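Going line by line, the protein sequences match chains A and B.
Letter by letter, the first sequence follows residues 1 to 320 in full-length UniProt numbering.
Letter by letter, the second sequence follows residues 1 to 302 in full-length UniProt numbering.
No residue lacks a Cβ here, since even glycine has one placed at the ideal position from N, Cα and C.
Only a predicted model underlies this, so the values are computations on that prediction, with no experimental measurement involved.
Each remark here refers to the structure printed beneath this line.
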Amino acid sequence: MGLKQRQKTADPQTPPADPAPRRRGHRRRRPKDDSAAAYLFLAPWFLGLVFITIGPILASLYFSFTDYSLIGDPRWAGFDNYLAMLEDERLHSSLLVTFQYVFVSVPLQLGMALALAMILDRGVRGLPIYRSVYYLPSLLGSSVAVAILWRQIFGAEGLINSFLGSFGIDAPGWVSHPDYALGTLVILNVWTFGAPMVIFLAGLRQIPAMYYEAARVDGASPMKRFLHITVPLLTPIIFFNLVLQMINAFQTFTQAFIVSGGTGGPSDSTLFYTLYLYQQGFGSFDMGYASAMAWLLLVIVAGFTAVNFLASKYWVFYGD
Amino acid sequence: MVTKSASRKPTAPARRAKAPNGSSHSVRDHRRRFFTHLGLIAFAVVMLYPLLWMLSSSFKPTTEIFRGPGLIPDGLMVDNYTEGWTALPFPFHHYLINSAIVVAGSIIGNLVACSLAAYAFARLEFRGKKLFFAIMLGTIMLPIHVVIVPQYILFSNLGWINTYLPLIVPKLLATDGFFIFLMVQFIRGLPKDLDEAARIDGCGHLGIFARVILPLSMPALATTAIFTFIWTWNDFLSQLIFLTDPEMYTVPLALRAFVDSQSQTSWGPLFAMSIVALGPIFGFFLAGQRYLVRGIATTGIK
């Protein structure tokens, strides 16, 4: 049927008078406006935006100024929650834990991702297989099952220690030692370098080979080619990965929850900010305090993202 | 993209051709390539070793698990699986089914709602488009912790706690901006002539969307479905908050209950159920690799 109609319009006999003015009228109304249809298509999204996203953001702003335990009505408390945060040492230590985690694990993860991407980009045969194998942990890394595995691997009688034991080394239980527990979670995050690696690979593909050819003709060493061609042309991708992985790392929850059994222990060494927020909101049902914490998190994440964007002017190079 | 990767191809032969005395260089090349592969394979083994070890341990008696890092079990002992399957108040397939319900609802919701929104952003002109698009991108970066407390209060007032509605309804309302963005990018790449042709054939926007855009967007829809599957299957925080009744537990909650209820000596059954929990993700990974890799290369999702 569609075919028949198309034939009709393509017929040279019919079009002369009618379509021309209509098309001209169309042009006058430019930019064309499909608002009614667009709002219909966007209706579910609008509802979600209002009820699931923006409404709750504003509600949490309101709750952050109240004392609210779900029983009874929220009681206005002014800045009490925020003032309490200033003196809450567990909160301070949870911030420190989270910052340490973000600023150690993200650079390591991205460095690993870039290194592997560059090796794989040199025309290695079997690239799709390597890429898939390295990517797999990214899909599994945030699951409870892998967190359980980690808890065993780095446990007192875990895989690492039984391995070290075979060399006669007597090591502590890594996840139960305050100095090492966070490190095991850093390793878990670095292990999931596959997702940024795939993005780096796609970015490396976009760099024209002739740049390298020209540099090689000029006698540039591999190091120089890396520093003066690869890195500058890859900065948008590095930036993209950095922003994304930082936002992800700030929100880490499952791994810390499972590895520490929900406590953030030992000695709060894995008490991530999100875990403490969960404890306050859904353990103690102090919804006002949890909301204030949520707003601080929003400010921190937005702040770091903004700093990233501002700083990007000085180091990110857009080819066009 | 196609042209660029094509322009890239000549590098390897060109590099080889440029070698002044071809033979010795190609030997060095061979050796280098051999060591590259050796390194890559060794690294892959290290990466996958923990997973393989868990798989092998799930077939070992618990006492043998602690004996060492070896990968080969003495035999295929399935006791861990039968024991783990029945260790919790409900048999493990109960939790698998619960997870499947949540996942199916989430996939349907994301596919329908996100594709509708994406069509509007990619193809229609309307007032406030730029602003709404910016807001949509902003929601991608929003930490879920910022909205979870009020969402809990909202859903609890609606009487939705311990139902799957808090997990599924948001998907029906296109709250996963990532997928809208992914589909917008994809639809923008489809030729607009097709829309025009359909319009001339008498299609309205709904017709163009359903008959032209959707069928051509299969790769983006598949990516969305696969990632929704994996994320929802792995999701712990929101299921932990909205589901407190053990009968409603999903797989991640069941695993967590397993950890809490058992002493440290039952690693075998725990690993067995962990393998069961990872199985579907692994299956989807194998089935959808092509889409997964393309999906994250274009939008950077995890």
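CB of residue i within 8 Å of CB of residue j, strictly
i	j	result
S138(A)	A195(A)	yes
F285(A)	S94(A)	no
G109(B)	L172(B)	yes
G264(A)	L275(A)	yes
F66(B)	S267(A)	no
M183(B)	A100(B)	no
S312(A)	F239(A)	yes
P170(B)	G55(A)	no
T95(B)	I241(B)	According to the sequence provided, residue 95(B) is Tyr. The question's Thr does not apply to it. Cβ distance not < 8 Å, so Y95(B) and I241(B) don't count as in contact.
Continuous alpha helix (DSSP H) stretch holding residue i: start and end
i	result
P137(A)	127 to 140
R127(B)	Looking at the DSSP string, R127(B) is not in any alpha helix (DSSP H), and its letter there is neither H nor E.
residue 304(B)	With chain B covering only 1 through 302, there is no way to say anything about residue 304(B).
E247(B)	Per DSSP, E247(B) belongs to no alpha helix (DSSP H) and is neither H nor E.
H92(A)	89 to 121
Q245(A)	231 to 250
D79(B)	79 to 85
L275(A)	273 to 278
P170(B)	165 to 172
I230(B)	218 to 234
A36(A)	35 to 41
T184(A)	181 to 191
P222(A)	222 to 225
Residue-chain proximity (residue i, chain A), Cβ-Cβ < 8 Å
i	result
M47(B)	yes
E125(B)	yes
N80(B)	no
S7(B)	Unreliable placement is indicated for S7(B), whose pLDDT of 40 sits below 50; no coordinate value is reported for it.
L137(B)	no
V184(B)	no
W237(B)	This sequence places Leu at residue 237(B); Trp is not what is there. Closer than 8 Å to some Cβ of chain A, the Cβ of L237(B) qualifies, so yes.
Y164(B)	no
Y119(B)	yes
P50(B)	yes
P150(B)	yes
V147(B)	yes
V259(B)	yes
Within-8 Å CB hit, residue i to chain B
i	result
S143(A)	yes
P44(A)	yes
F285(A)	no
L91(A)	no
A292(A)	no
H26(A)	Reliability fails at H26(A), whose pLDDT of 48 lies under 50, so the model's placement of it is uncertain and no value is given.
S166(A)	yes
Which of helix, strand or coil DSSP assigns to residue i
i	result
T66(A)	strand
W160(B)	coil
R75(A)	strand
Y318(A)	coil
F163(A)	helix
D193(B)	helix
P280(B)	helix
P208(A)	coil
residue 308(B)	Because chain B here runs from 1 to 302, residue 308(B) falls outside it and cannot be looked at.
D268(A)	coil
residue 303(B)	For residue 303(B) there is no data in the structure shown, the boundaries of chain B being 1 and 302.
K313(A)	helix
Q255(A)	helix
I169(A)	coil
H177(A)	coil
S60(A)	helix
T263(A)	coil
Q262(B)	coil
residue 373(A)	Absent from the model: residue 373(A). The displayed extent of chain A is 1 to 320, so no value can be given.
D286(A)	coil
Close beta carbons around residue i, own chain, < 7 Å, minus the five adjacent residues each side
i	result
G288(B)	A222, I226
G203(A)	L234, I237
A147(A)	T254, Q255, I258, V259
T66(A)	P74, R75, W76, A77, G288
V243(A)	T305, N308
L182(A)	V97, Q100, Y101, S269, T270
Neighbourhood of residue i by C-beta, 6 Å cutoff - its chain only, sequence neighbours within 5 removed
i	result
S260(A)	T270
F271(B)	M54, S57, S58
A156(A)	G173
T53(A)	none
8 Å Cβ shell around residue i - same chain, five flanking residues per side excluded
i	result
L201(A)	A117, L120, D121, R131
Check: residue i C-beta below 7 Å from any heavy atom of the ligand MN
i	result
G183(A)	Judged by which ligands are present, the structure shown has none, so any question about the ligand MN falls away.
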